[in-house]
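Protein chains in written order, with our numbering: chain A, 1 to 372; chain B, 373 to 1015.
Here is the structure we will look at, set down as C-alpha cells.
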Amino acid sequence: MSADATRGRKLVRRRRPWRSAAFLGVLATVLAACGNENGQNSLDPKGPVAEKIDNLFLPVLFVAILIGVAVTIATVYVAIRFRQRPGRPDNPKQTHGSAPLEIGWTIVPALILAVIAVPTISTIFELAERPKGPEVLKVDVTGKQWWWEFSLPKQAMADKQIVTSTELHIPAGTKVLLRLHSDNVIHSFWVPELAGKKDVVPGRTNELTIEADEPGTYLGACAEYCGLSHADMRFRVVAQPMADWEAWRDGQLEGPAKPWEGEIQDLTATKYQCTNCHLFDDSSKATYGPNLTHLASRTTFAGGVYEVDRANLTKWVMDAPSMISMNAKDCRQPPPATCVGMPSFTKNTPKGQPVMTQADADAIVSYLLGEK
Amino acid sequence: MTTTVPEALVTAPPAARPGILRRPKATTGFWSWCTTVDHKKIAILYGGTALVFFLVAGIEALLIRLQLAGPNGTVLTASQYNTLFTMHGTTMVFLVGMPLATAFGNYLIPLQIGARDVAFPRLNMFGYWVFLFGGLFMYSSFVLGGAPNGGWFGYTPLTSAPMDAGFLPGRGPDFWTVGLVLLGVGSITSALNFVVTILNMRAPGMTLMRMPVFVWMMLVVAFLTVFAIPVVTAALIMVFFDRNFSTNFFVAAAGGDPLLYQHLFWLFGHPEVYILILPGMGIVSEILPTFARKPLFGYAVVVFSGIAIGFLGWGVWAHHMFATGLGPVAVSAFGLATMLIAIPTGVKIFNWLGTVWGGSVRLQTPMLYALGFIAMFTIGGVSGVTHAIVPADTQQTDTYYVVAHFHYVLFGGLVFAIFGGLTFWWPKVFGRMLDDRLGKVTFWLMLIGFNLSFFPMHFLGLQGLPRRTYTYAANMGWDNLNLVVTIGGFVIAAAVALFLVNVIVSSIKGEKAPADPWDARTLEWSIPSPPPEYNFAEVPQVEARDDFWHRKYTEDEQGRLVRLPAGGSDAGAATGSSVIGTQGDGHDIHMPSPSYYPLVMALGMPILGYAAVFKEPWLAVPGVIVLLFGLYSWAIEPGTAED
C-alpha cells in the first residue's frame, strides 16, 4: 500500500512539469483568445447582454476544460502506468465492475450539471425579458440577400421613420430592441460583443435586445447560411454618445444635400433605372435595394465588405458582381421578389439596355459621395 | 450438424427454378462480388466504397482548407466553396460514417453472435447496391446540372424555393433530396436486417447479456436508424415538393413554416449523431478489454448507458435551434435534456478508463486509437455541455466553435474508432497483419494533425468567425489560427496516406495472420483468418460473456488471470480441437446462394431518381420496369439454390 502510494507520488511528481506546461498552454491560449480585439469577439463583451452570457459561459468553460484535461491525463496515465513491461506479471486481476463506482460517477456529473443548470435557466429567462419604455430604441432589422436593412420606426426617439443599411447607429447605454424580419431565406443576426445570435426567419418576428456600454464600433455578421454570398453579409453597430446619435438621427431625416434632379435623376431614374431598387432622395422609405439617400454617411457598403470610397463605388456601379458573388439577373425591371443581388451594368447587359460609361459612373458616384 | 443451422438459412428444396437470369455461379472475380450474399463480402464492399468516399470527402476538406488558409482566399469561388462544404458534410455523414458502421456491423454481427449469415442475405446485398447507386447518383450531380449547395442540413426556404427563385441556382437541392431519400432506403433495409439478425440468429447460449458490446450498440443504432430515417425522408420529400410542385409546406407567405423543416430535420439529425457515434463506442468497447487483458468494466452499465443515449437522443433535437426564437420554456427544457445526455456518456468514459485500470496494457495500434478516442471524444463531449448552456450557445452556434465540437466527436470519436477497428479486425478480414510500427506512426500523425486542425477552431469560433463562410476579412486576428488549421488538415491527409501505404504493404508482404493474433475475447477470433464462407463449421455453444476468452483463460482465487492448459490462442485456434467452430470442412452446410436480383432492383432506383430530378416522367418507365423485374424475380427465386 505504502509502496504503491510512494510510486504513485513519484509518478505524479515526475510528470508535473509536463502537466503544468499543458495547463499553462491551455490557459495561455484561452487568454490569447480573450485578447483578440477584432470587434467581433464573443469573449470580449461590450454590453450587459453579452456580459451576462459571458459570465455564465466562462465558469462552465472552466469546469469543462478541467474535466477534459483530467480525462485526457487519466487516459495517458492508465496507458503508461499499466502498460505491459518485460518482467512484469502478465496476469492482471480480472475486475468486472463496481456498483459504488458506477453510482458515484453517475451522481457526481449529475450534481455538477444540476449546479450549472440553475444559473443557465435563470439567465435564459432574464435574457428573454423584453425591455419596455420610451427610452428603449426600437429598430426593425431586415435580412436581405446579402445585406442588412435597418429601419427606425416612428417612436419617442425618432419622430419619423429612418431607413438605412449595413450600419446601425445606436446611442450607447441605451437598450435597443431589434425586431428581426426576412422576406427571403433564414438569416441570423449576430454582433458577438453585444449579444448572442437570433435567427431571422421568414414569417416570424423574432426579437433581440442589444446594448453597448461605451461608444464604439462593433462588428457583426450573418450567422445562418443564406446562400451564395453568406460570407459577405456583414454589418456594424456604431454606438455613439446620445448627443452624437441625435445629430446622426437628425442628419438622416434631412433630404439630400444636393437636390436629386436634372442629370443625376436622368441617369439613375431613366437611363439606368437604378430607382427600380434604390431611393436617392428619401431616407424615410424602404425599397427593394439599399436606400442610398445618405450613403456617404456610412463607412462601408456591399454587406460591409467594401469601404465607401470613389474607387470602390465606381467599380460597384459598373460591375458589382465582380466584387461580390451574386446571382445577378437582369434587375432593370421593377424588381421581382426573387431578383438576387445587383446586376453588372457593363457586362452581359440585356438588349436595349445601355452599357454604363465611365463618365456616367463618375457622375453617379460623385453624387453619392456628396450625400453625407 | 443440420440441427444447429439457423432456421432462416434452411429452405425447402425448390421444385423448379423459375427466373430469367441463370443462377450466378461465380465464386471469385468481378461477378462474384456483384452477386454475393455473403455478409463478409458485402461488408468489404461497404467498407471499400465508404473508404473511397472518405478520400473524396477528405479532398473536399483540403480544398476548403486551402481556400481558408488566409483571409480573402481566391482558391475557390463562393459557389464552389458552398458546394464543397455541402458535399463534405453530406458525404461524411451519409456516405462514410453510416456505411462504415454498416460495414463493421455486417462483418462482425454474425461472427460475434455465432451465426452463419445475417437474417436476410439478399436484402443485405440490396442495401449495399442502393447505397452505392445513391452515392454515385449524388455525385453525378457535379456533371449533370449542379451539385448540392444548400448545406448538409438543407434549411428551408433556401433549399425549398423553386429553382427560378435564384436562391440556389441549379439542380443541387433536387439531387440532394432525392439522393438522400435513396440512401435512406439502403440504411433502413440494413438496419432492419441487423435488428432481426441480432434478435433471432444468436448461437445457443448467446443471451442478450452475453452479447459483445459492439453488437449491443449496433442493435441500438439499428433501432435508431429504423425510426429516424422516415422522419428525414418525409422532410426531404416535402422540400422536393415545395421546390418543384409549389406545395408551400415551408413558405411563410402561404401559411407554411420554415422552422417546421428544422424540427423534422433535427428530430432525425440528433439521433443520427448517435447512429454515427454508438458504433464507434462499440468498437472501442471491444478493443480496450482485449489490449488491457481485462473484461469490460461495468458491462451492463455500458450497455444500458448506450440504450439510454439512444432514448435520450430523441429528446434533444431543438438544441440545434436555440437561436431560432423558440421561447425560454422550450429552450430551457431542451437545454436540460442536453445536459442529461452527458451523464450516460460520461459513465461510458469512466467505465472504459476502469477497464484499462489495473490491466496489462499492450499499446499496439488498435489500442492507441481506442485510447485516443477516449480523450478526443471527451473533449468533444465537454464542449458539447457548453452548448447546453443555452445563452452561451447563442454565441457559439453556427461558428467554428461548433465545427470544432462536432469534429472532436465525429473525427476524434468515430473516425478514430473506425481506424482502431480497421487495424484491429484487418487481420481477421484479410488474413494478413498490418505493420504495427507503421500503424503507430500513422496514429500519432493523425492525432497531431487532428488536434492542430480542430483545436484552434474553438478559438476562431469564440472570436467571431461564422461557419459556412467562403472567405473572411483580414485584420480580424483569425489568420494565424486558420493557417494552423489548414496545416493540420494536411497532416491528417498524410496520416491517411500512410494508412493506405500500410494496407498496400500488408497485401503484398504482410505477415500471415493467425486466427487469434491479439489474444482476443469474442467468437470471431475462434475461427480462421479470413473466416470460411460458412463462418462456423459447427455452431458454437456459448457458455459465457467473452466466451472465446473463457475457453483460453480462467481466474485464480485472487481473480488473477490463469491460462488454461489445453489449447493456446495462436496454435489452438487454427488447428486445435479444443477451440470451437473449426471441426468439419463445411461441406454439408447450406448457405444462401448468390443472386443478381438485388443488384437489378437497386439499379432501378437511381433511374427513378433522375426522372424526379429532371422532371422527365418517361424516364420513370424504364426505372419502374427494372425495379419490378428485380423485385419479382427476387421474390420468385429461392434463397438457396438446389444442389
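No residue lacks a Cβ here, since even glycine has one placed at the ideal position from N, Cα and C.
Bear in mind that the values here come from a model prediction, so they are computed numbers and not experimental data.
message: Using the three-state DSSP reduction, which class does A:GLU374 fall into: helix, strand or coil?
response: Here chain A comprises residues numbered 1 to 372, so residue 374 of chain A is not present and cannot be evaluated.
Spatial distance of B:SER965 from B:VAL409 (CA atoms): The straight-line gap from Cα to Cα measures roughly 7 Å.
Option in B:HIS411, B:PHE694, B:LEU571 and B:GLN768 with minimal Cα separation from B:VAL801: When each option's Cα is compared against that of B:VAL801, the closest is B:HIS411.
message: So, for B:ALA450: in the same chain, excluding its five sequence neighbours on each side, which residues have a beta-carbon less than 7 Å away from its beta-carbon?
response: Answer for B:ALA450: TYR842, listed in chain order.
query: Taking the alpha carbon of B:ALA983 as the point to measure from, which residue in B:PHE617, B:ALA992 and B:SER562 has its own alpha carbon closest?
result: Selected option, being the one with the closest Cα: B:ALA992.
- request: Consult DSSP for B:ALA537 and reduce its assignment to one of helix, strand or coil.
  value: Here B:ALA537 sits in helix by DSSP.
- request: Identify whether A:ILE162 lies in helix, strand or coil by the three-state DSSP scheme.
  value: In the three-state reduction of the DSSP assignment, A:ILE162 falls in the strand class, which pools E and B.
Same chain, Cβ closer than 7 Å to A:GLY370, neighbours up to 5 away in sequence not counted: Short of 7 Å from the beta carbon of A:GLY370, and not among the five residues preceding or following it, lie these beta carbons of its own chain, in chain order: ALA257, LYS258 and ALA296.
message: By the 8 Å beta-carbon criterion, what residues does the segment 660 to 676 of chain B contribute toward chain A?
response: Of all residues in the segment 660 to 676 of chain B, ALA664, ARG665, LYS666, PRO667, PHE669, GLY670, TYR671, ALA672 and VAL673 have a Cβ within less than 8 Å of some Cβ in chain A.
query: Between B:VAL934 and B:PHE791, what straight-line distance do the alpha-carbon atoms span, to the nearest angstrom?
result: Cα-Cα distance, rounded: 31 Å.
query: Is there at least one Cβ from chain B nearer than 8 Å to A:ILE67's Cβ?
result: Cβ-Cβ to chain B under 8 Å: yes for A:ILE67.
field: 8 Å Cβ cut-off: residues of chain B touching A:ALA117
entry: At a beta-carbon threshold of 8 Å, the residues of chain B lying near A:ALA117 are GLY707, LEU708 and MET711, ordered along the chain.
- prompt: Which residues share a DSSP beta bridge with B:TYR925?
  reply: Note: B:TYR925 sits in a beta bridge opposite B:ARG935.
Cα-Cα separation between A:ALA361 and A:ARG310, rounded to whole angstroms: When rounded, the distance between both Cα atoms is 10 Å.
Extent of the continuous beta strand (DSSP E) run through B:HIS962: Careful: B:HIS962 lies outside any beta strand (DSSP E) and carries neither H nor E.
- request: With DSSP collapsed to three states, give me the class of A:HIS230.
  value: Residue state, collapsed to three classes: helix.
task: Could you please tell me which residues of the segment 538 to 561 of chain B, in chain order, have their CB closer than 9 Å to any CB of chain A?
output: Here the close residues are GLY538, PHE539, LEU540 and PRO541.
- request: Could you confirm whether any beta carbon from chain A is found closer than 8 Å to the beta carbon of B:ILE997?
  value: Closer than 8 Å: no.
- prompt: Do you know how far the Cα of B:ASP629 is from the Cα of A:ILE210?
  reply: Taking the straight line from one Cα to the other gives about 27 Å.
field: Residue closest to B:ALA563, alpha-carbon to alpha-carbon, out of B:GLY544, B:PHE547, B:LEU596 and B:SER532
entry: Measuring from the Cα of B:ALA563, the nearest candidate turns out to be B:LEU596.
- request: At 8 Å on the CB atoms, spell out the chain B contacts of A:VAL60, in chain order.
  value: Using a Cβ-Cβ cut-off of 8 Å, A:VAL60 is close to VAL757, THR758, ILE761 and ALA764 of chain B, given in chain order.
- prompt: Do we get a CB-CB distance below 8 Å when we pair B:ALA946 with the residues of chain A?
  reply: Caution is warranted here: a pLDDT of 41 is assigned to B:ALA946, below 50, making its placement in the model unreliable, and no coordinate value can be reported.
task: Residues of the segment 92 to 104 of chain A with a CB closer than 8 Å to any CB of chain B: list them in chain order, please.
output: For the segment 92 to 104 of chain A, the beta-carbon criterion of a distance under 8 Å to any beta-carbon of chain B is satisfied by PRO92, LYS93, GLN94, THR95, HIS96, GLY97, SER98, LEU101 and GLU102.
field: At least 3 beta-carbon pairs within less than 8 Å: the segment 862 to 878 of chain B vs the segment 810 to 829 of chain B
entry: Because the criterion of three Cβ pairs below 8 Å is met, the segment 862 to 878 of chain B and the segment 810 to 829 of chain B touch.
field: Beta-carbon contacts of A:GLY289 that lie in its chain and below 6 Å, excluding the five residues immediately before and after
entry: Hits under 6 Å: CYS277 and HIS278.
- request: Alpha carbon to alpha carbon, how far is A:GLY251 from B:GLY707? Give it in angstroms, no decimals.
  value: Their backbone Cα atoms lie some 45 Å apart in a straight line.
message: Checking 8 Å against the spacing of the C-beta atoms, do B:SER755 and A:ALA110 come in under that value?
response: Cβ distance not < 8 Å, so B:SER755 and A:ALA110 don't count as in contact.
query: Are there 16 or more other CB atoms within 10 angstroms of the CB of A:ILE162, so buried, or fewer, so exposed?
result: Buried, since its Cβ has 16 or more Cβ neighbours within 10 Å.
message: Between A:ILE264, A:GLN40, A:TRP146 and A:HIS169, which has its C-alpha nearest A:ALA320's C-alpha?
response: For the options A:ILE264, A:GLN40, A:TRP146 and A:HIS169, the alpha carbon positioned closest to that of A:ALA320 is the one of A:TRP146.
message: For chain A, check one thing: does any of its Cβ atoms lie closer than 8 Å to the Cβ of B:SER657?
response: Not closer than 8 Å to any Cβ of chain A, the Cβ of B:SER657 fails to qualify, so no.
query: On the three-pair Cβ rule with 8 Å, is the segment 434 to 442 of chain B touching the segment 501 to 512 of chain B?
result: By the Cβ rule, the segment 434 to 442 of chain B does not count as touching the segment 501 to 512 of chain B, because fewer than three pairs are nearer than 8 Å.
task: Give the residues of chain B in contact with A:ILE124, contact being defined as C-beta atoms less than 8 Å apart.
output: Under the 8 Å cutoff, chain B gives PRO700, VAL703, SER704, GLY707, VAL762 and PRO763.
message: Is A:PRO215 near the ligand NAD - that is, is its Cβ less than 7 Å away from at least one heavy atom of it?
response: This structure lacks the ligand NAD; in fact it carries no ligand of any kind.
- request: Count the CB pairs spanning the segment 555 to 571 of chain B and the segment 530 to 542 of chain B that are closer than 8 Å, and state whether there are at least three.
  value: Segments in contact, no.
query: So, helix, strand or coil for B:GLY542, using DSSP?
result: The answer is coil: DSSP assigns B:GLY542 none of H, G, I, E or B.
- request: Answer yes or no: does any C-beta atom of chain B fall closer than 8 Å to that of A:GLN364?
  value: It is worth fixing the name first, because residue 364 of chain A is Ile in this sequence and not Gln. At a cut-off of 8 Å, the C-beta of A:ILE364 has no neighbouring C-beta in chain B.
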